[in-house]
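Below you'll find the structure, written out as structure tokens, and then a few comments.
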Amino acid sequence: MVELGKLILSQNPSLSIHIILVPPPYQPESTTTYISSVSSSFPSITFHRLPTVTPYSSATTQSHEALILEIICFSNPNVHRTLFSISQTFNLRAMIIDFFCTAVLDVVAGDFAFPVYYFFTSGAACLAAFFHLPTLDETTAGKNLKDIHTLLNIPGVPPIKGSDMPTRLLDRNDEVYDAFIWFSKQLSNSSGIIINTFEALENRAIKAITEELCFRNIYPIGPLIVKTRTGDNKTADSCLNWLDSQPEQSVVFLCFGSLGLFSQEQLKEIAIGLERSEQRFLWVVRNPPELQNQTEPDLESLLPDGFLNRTGNRGMVVKSWAPQVPVLNHKAIGGFVTHCGWNSILEAESIKNGNSKAVIMGFVTRRQDSPIYKEFIKWRRP
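Adding 309 to a residue's 1-based position in the sequence shown gives its number in the numbering used here.
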């Protein structure tokens, strides 16, 4: 939302952006420094933290998605009060909400007259699937998607297995299945949907939404990419300085995002492959799932004995984070091995602009992204 706010201000600096923060159901990393930085750099962006609410159910008995949805619903009165407070000083022109915040539509419908838009942070193909979801729910009545072995034909989306749909949609008895169906039905009740994509990448999906699925108020504004560094400056500088010393298009960059976690055995297999390849590499290593409580990875214990010494003349291993966008734009990068998260796919597009010979490889952490990733690879071909 912050990056979208910046984009809006770049087009109309006279506007004020107000971002409402719903309290998460867990203790997140502190965002105070980041929020202070944004507020300082962009005085027209104001943050409003809602008070913490207590859900009926325990966090140990609900899925993450169910807990988030319950907290958002419980926060509706606080959203209403915040909107009313803002409206006393500002002329509210529009509201932009996340897909998970669909319940806010009830707040706006009663006492406010401004239009409400969705900001869909995934791609248009994913959005097309959600538009089609109520139809899919009806045509597969009595069946679970996980048990459907024929390919699903969704407008704008390559044929996809039922079992490759989002996990929470695979079983009708899932605690958030009905909520996703309801969300999908509400999409067309909005004034429009802003998508983090662009027509050259997803023309077929966008056309399917506007023509076959009959919703024309689609606004592809991507790629919306965070260009500023948000991690350790020392790590960022060391990565970029090391790349400066490497030949053009000679380095493979391996980075798997916050969800791309490997077991220690898998990390060692990757290391063995890199060593045998004799390829220059820059590799971001995160702790395995079983060691997530540790602050940073112990590379010596996670990787094969002597690996760092044997590959130190042609490879660099960094802990937990690297400045992905600047790295991808560096002339030394010749390949990108990624988890294929949507943001990483969009950031990889920057390789095309600055480094047309770079190769993108990856595995997909979300099964439903697989056919979309294939389309991206086709689009990237010269």
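Positions of the beta carbon are idealized from the N, C-alpha and C atoms, including for glycine.
| field | Where the beta strand (DSSP E) containing Gly643 begins and where it ends | value | Position 334 of the sequence shown holds residue 643. Segment 642–647, the beta strand (DSSP E) holding Gly643.
| Hey, is the stretch 458–467 in contact with the stretch 483–494, meaning 3+ C-beta pairs nearer than 8 angstroms? | no
| Local conformation of Leu563 per DSSP, three classes | Position 254 of the sequence shown, counting from 1, holds the residue named residue 563. Leu563: strand per DSSP, three-state reduction.
| query | Which residue or residues does DSSP assign as beta-bridge partners of Pro529? | reply | Counting from one through the sequence shown, the residue named residue 529 turns up at place 220. For Pro529, which the question treats as bridged, DSSP gives the partners Ile504.
| query | When DSSP labels each residue in this structure, what does Lys452 get in the three-state scheme? | reply | Counting from one through the sequence shown, the residue named residue 452 turns up at place 143. It is coil, neither helix nor strand.
| field | Where Tyr343 falls, given that 16 or more other Cβ within 10 Å makes a residue buried | value | The sequence position of residue 343 within the sequence shown is 34, counting from 1. It counts as exposed.
| Would you say Ala514 and Ala433 are within 7 angstroms of each other, going by their C-beta atoms? | Within the sequence shown, numbered from 1, the residue matching residue 514 stands at position 205. Within the sequence shown, numbered from 1, the residue matching residue 433 stands at position 124. Contact flag set, yes.
| query | What residue ranges within the stretch 406–488 form continuous alpha helix (DSSP H) runs of no fewer than 4 residues, ordered along the chain? | reply | 413–420, 433–448
| task | Grab me the residues of Glu599's own chain with a C-beta within less than 7 angstroms of its C-beta, minus the 5 sequence neighbours each way, in chain order. | result | Locating residue 599 in the sequence shown gives position 290, counting from the first residue. Result list for Glu599: empty, nothing under 7 angstroms.
| said: Suppose the cutoff is 7 angstroms on Cβ atoms and the five residues either side in sequence are ignored; what does the same chain contact list for Ile457 look like? | reply: Here residue 457 is taken as the residue at index 148 of the sequence shown, counted from 1. For Ile457, where only same-chain residues beyond five positions count, the Cβ hits under 7 angstroms are Thr449, Gly471.
| said: Taking 7 angstroms as the threshold (C-beta atoms), are Asn498 and Thr430 in contact? | reply: Along the sequence shown, one-based indexing puts residue 430 at 121. Along the sequence shown, one-based indexing puts residue 498 at 189. No, the Cβ-Cβ distance between Thr430 and Asn498 is not below 7 angstroms.
| query | To which residues of the same chain is Asn662 closer than 7 angstroms at the C-beta, ignoring the five residues directly before and after it? | reply | The residue given as residue 662 occupies position 353 in the sequence shown. Because the pLDDT of Asn662 is 46, which lies under 50, any placement of that residue in the model is unreliable, and the number read from its coordinates should be weighed accordingly. If we look at Asn662 and ignore the five residues flanking it on each side, it has no Cβ neighbours.
| At a cut-off of 6 angstroms, is Pro613 close to the ligand COA when judged by its beta-carbon and the heavy atoms of the ligand? | In terms of ligand content, the structure shown is empty, and the ligand COA therefore cannot be addressed.
| query | Do the CB positions of Ile381 and Val425 come within less than 7 angstroms of each other? | reply | Along the sequence shown, one-based indexing puts residue 381 at 72. Along the sequence shown, one-based indexing puts residue 425 at 116. Going by C-beta atoms, Ile381 is not nearer than 7 angstroms to Val425.
| said: Which residues does DSSP list as the beta-bridge partners of Trp592? | reply: Within the sequence shown, the letter at position 283 stands for residue 592. The bridge partners DSSP lists for Trp592 are Leu563, Val626.
| Quick one: what's Phe524 bridged to in DSSP? | Working through the sequence shown from its first residue, we reach residue 524 at position 215. According to DSSP, which records beta bridges pairwise, Phe524 is partnered with nothing at all.
| said: Once the 5 residues before and after Glu312 are set aside, which same chain residues still bring their CB inside 7 angstroms of it? | reply: Counted from its first residue, the sequence shown places residue 312 at position 3. Within the same chain, Glu312 has close Cβ partners Leu533, Val535.
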